[in-house]
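Here is the structure we will look at.
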Amino acid sequence: MRMSDRRELTHSLGFKPAVAVAAALVLGAALSNVDVGPSSVLAPFTFKGTASDARQLLTVVTGTMITVTSLVFGLTVVLLQVAATTYSPRLLRSFLRDRGTQIVLSTFVATVAYSMAGLETVGSLRHGVPFVPRLAVTGALVLALLSIGMLVYYIGHMTNSIRIDTIMRMAETSTRDVLHREHPLLRAGEDPDLEVALPVPPEAVVVTAVTDGYVAAIDVDVLLALATRSRVRIQLLQLLGYHVIAGARLAVVWADAGATVTHGTVAAVRESVRIEPERKVELDLGSGIRQLVDIGCRAMGTTQNDSYTAVVAVHHLTDVMADAAHRRFATTVRRDTDGEIRVVAPVVGYQTHLKVVCSHIRHGGLERHPRVMLELVRMLGTLAYSTEDPGRRAAIARELDLVEAFARRNLAEAADLAEIGQAVDLARAELVVPERQRAVLAQAAAEVTIDSAVADEA
Numbered sequence: 018m019r020m021s022d023r024r025e026l027t028h029s030l031g032f033k034p035a036v037a038v039a040a041a042l043v044l045g046a047a048l049s050n051v052d053v054g055p056s057s058v059l060a061p062f063t064f065k066g067t068a069s070d071a072r073q074l075l076t077v078v079t080g081t082m083i084t085v086t087s088l089v090f091g092l093t094v095v096l097l098q099v100a101a102t103t104y105s106p107r108l109l110r111s112f113l114r115d116r117g118t119q120i121v122l123s124t125f126v127a128t129v130a131y132s133m134a135g136l137e138t139v140g141s142l143r144h145g146v147p148f149v150p151r152l153a154v155t156g157a158l159v160l161a162l163l164s165i166g167m168l169v170y171y172i173g174h175m176t177n178s179i180r181i182d183t184i185m186r187m188a189e190t191s192t193r194d195v196l197h198r199e200h201p202l203l204r205a206g207e208d209p210d211l212e213v214a215l216p217v218p219p220e221a222v223v224v225t226a227v228t229d230g231y232v233a234a235i236d237v238d239v240l241l242a243l244a245t246r247s248r249v250r251i252q253l254l255q256l257l258g259y260h261v262i263a264g265a266r267l268a269v270v271w272a273d274a275g276a277t278v279t280h281g282t283v284a285a286v287r288e289s290v291r292i293e294p295e296r297k298v299e300l301d302l303g304s305g306i307r308q309l310v311d312i313g314c315r316a317m318g319t320t321q322n323d324s325y326t327a328v329v330a331v332h333h334l335t336d337v338m339a340d341a342a343h344r345r346f347a348t349t350v351r352r353d354t355d356g357e358i359r360v361v362a363p364v365v366g367y368q369t370h371l372k373v374v375c376s377h378i379r380h381g382g383l384e385r386h387p388r389v390m391l392e393l394v395r396m397l398g399t400l401a402y403s404t405e406d407p408g409r410r411a412a413i414a415r416e417l418d419l420v421e422a423f424a425r426r427n428l429a430e431a432a433d434l435a436e437i438g439q440a441v442d443l444a445r446a447e448l449v450v451p452e453r454q455r456a457v458l459a460q461a462a463a464e465v466t467i468d469s470a471v472a473d474e475a
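Using our numbering, the first residue of the sequence shown is number 18, and each one after it goes up by one.
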């Protein structure tokens, strides 16, 4: 199983509950055959009722837990739908992958499965006497009490989970997890956005998509093993997260001298590029960034008109983009053991992510929220401070020019325009001054921040 498929399976909503049900059935069946006699050391701690009492208890636990599970998760779906509608529809998938939700669901369904497994031996005759699986019934009582505790925990957990601050923190954490996994820290002297492309010979075979959708995952390690084994070279053409149609070119493949590109090789390359109906936030950095952008844009909309939430969304985006500024976004190149390039895969560059963040926020209602515009400029200043790469600094300068021009066109208040202009000047200074002058600029920026905070308080 591919690593991406394994990660998708283990993080899905049904995986942990399915494992819990299987374990509960085995445990319930095993304990229901254990006879705890009056002389056993466990006797004082186990169930004391008759076979009829045991059957009734297990039946009540089973029926009650089914009802509680249905009710709780029915209400949960409603809450998640409200949260997705209010903040971003792309957040629903993240909620369903929440570990707390999965553990609570696992406890509930495990209690049901365990109780049903224990019912099998209740009342069966052993030595002419109705058998009572006292240890199994005691286990059902323990699980029922645990479920009550889980229910109380879940109410608090869900109440906290739909808070906008928690949602944005969760989106940032998941996005940075992908960032750290897929984009290593830069090494000294390394080009952070190096683009590599192999010369494609005319006999190269084109691999096309067979379905419409998004490029959800590219298994480069599998492609390297395939290319090494088949003595071919693979140049991927599509970027992760981009939409493709059936028949679109996914890759080109050509063979070394003396080798051929077989139909099996083409099929294996096509299979390694997963096309799915939706983007996967756990695999796609751009999808995670877009979640935070969506929250900020919706907060600036006329329906919510919530400047503070949009400001906090920009702060979270600042954290992500500043972290990304120290990381590698160069083309992925894989070599075989002889040092020969076998696989080349393009990567969505840092400048592209920056453009997505700034352009969507700029066109998401920014003209009605000067305070959000100010935070966007400060974000660009922070990013200018965080990177020394000329290409990235040029991209930051372009975004500063666009924001300044946007402010001049759309802001009517002279005070707002002056504050934005001052922030733009500070951000531009970060792009040109040497390192020794940055402490002075940091102090000046802090003074502007204090003045703005005082103005907000007033």
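We put the CB at the ideal spot given by N, CA and C, even for glycine. Remember, predicted model here, so these are calculated numbers, not experimental data.
**Asked** Comparing alpha-carbon positions, which option in Leu443, Asp340, Asn322 lies nearest proline 387?
**Response** Check the Cα spacing between proline 387 and each of Leu443, Asp340, Asn322: the tightest is with Asn322.
**Request:** Give the secondary structure of arginine 344 by DSSP, where H, G and I count as helix, E and B as strand, and everything else as coil.
**Result:** Three-state DSSP puts arginine 344 in a strand.
**Request:** Give a yes or no on contact between the segment 195-203 and the segment 226-242, applying the rule of three or more CB pairs nearer than 8 Å.
**Result:** The segment 195-203 is not in contact with the segment 226-242.
**Request:** Please name the residue, chosen from Val139, Ile165, Leu211, that lies closest to glycine 408 on a Cα-to-Cα basis.
**Result:** That would be Leu211, whose Cα lies nearest to the Cα of glycine 408.
**Same chain, Cβ closer than 6 Å to leucine 241, neighbours up to 5 away in sequence not counted** = Arg351, Arg359, Val360, listed in sequence order.
**Item:** Boundaries of the alpha helix (DSSP H) in which alanine 268 is found, first to last residue
**Value:** Unbroken run through alanine 268 is the beta strand (DSSP E), 266-272; no alpha helix (DSSP H).
**Item:** Every unbroken alpha helix (DSSP H) inside the segment 147-227 [4 residues or more]
**Value:** Taking only runs of at least 4 residues, the alpha helix (DSSP H) segments lying wholly in the segment 147-227 are 151-178, 181-199.
**Message:** Just list the residues that DSSP pairs threonine 501 with in beta bridges.
**Reply:** No answer is possible for residue 501: it lies beyond the span of the chain, which begins at 18 and ends at 475.
**Request:** Pick helix, strand or coil for tyrosine 259, following the three-state DSSP scheme.
**Result:** Secondary structure at tyrosine 259: coil, using DSSP grouped into helix, strand and coil.
**Asked** What's the call for serine 69, buried or exposed, on a 16-neighbour Cβ count within 10 Å?
**Response** By the 10 Å Cβ count, serine 69 comes out exposed.
**Request:** Have a look at the DSSP bridge pairing and note the partners of glutamate 293.
**Result:** Beta-bridge pairing links glutamate 293 to Tyr231.
**Prompt:** Given that a residue counts as buried once 16 or more other Cβ atoms are within 10 Å of its Cβ, and exposed if not, what is arginine 426?
**Reply:** It is exposed - the Cβ of arginine 426 has fewer than 16 other Cβ atoms within 10 Å.
**Request:** Quickly, what does DSSP pair isoleucine 378 with across the bridge? List them, please.
**Result:** Isoleucine 378 pairs with nothing; no bridge assigned.
**Prompt:** Considering only residues of the segment 371-422, which uninterrupted alpha helix (DSSP H) runs meet the minimum length of 4 residues and lie entirely inside it, listed in chain order?
**Reply:** Residue ranges of uninterrupted alpha helix (DSSP H) with 4 or more members, entirely inside the segment 371-422 and ordered along the chain, are 387-403.
**Request:** Write down the C-beta distance between leucine 257 and aspartate 301 rounded to the nearest angstrom, noting that I regard them as a contact closer than 8 Å.
**Result:** Going by Cβ atoms, the distance from leucine 257 to aspartate 301 rounds to 6 Å, so yes, they are a contact pair.
**Asked** For arginine 250, which beta-bridge partners are listed by DSSP?
**Response** Residue pairing by DSSP places arginine 250 opposite Trp271 in a beta bridge.
**Asked** My guess is that valine 278 and valine 222 are in contact by the Cβ rule of under 8 Å, so how many angstroms apart are they, rounded?
**Response** Contact between valine 278 and valine 222 holds, with the beta-carbon distance rounding to 5 Å and staying under 8 Å.
**Item:** Buried versus exposed, by CB contacts within 10 Å (16 or more), phenylalanine 62
**Value:** Phenylalanine 62 comes out exposed.
**Item:** Terminal residues of the alpha helix (DSSP H) in which tyrosine 131 lies
**Value:** Under the DSSP assignment, tyrosine 131 falls in the alpha helix (DSSP H) whose first and last residues are 116-135.
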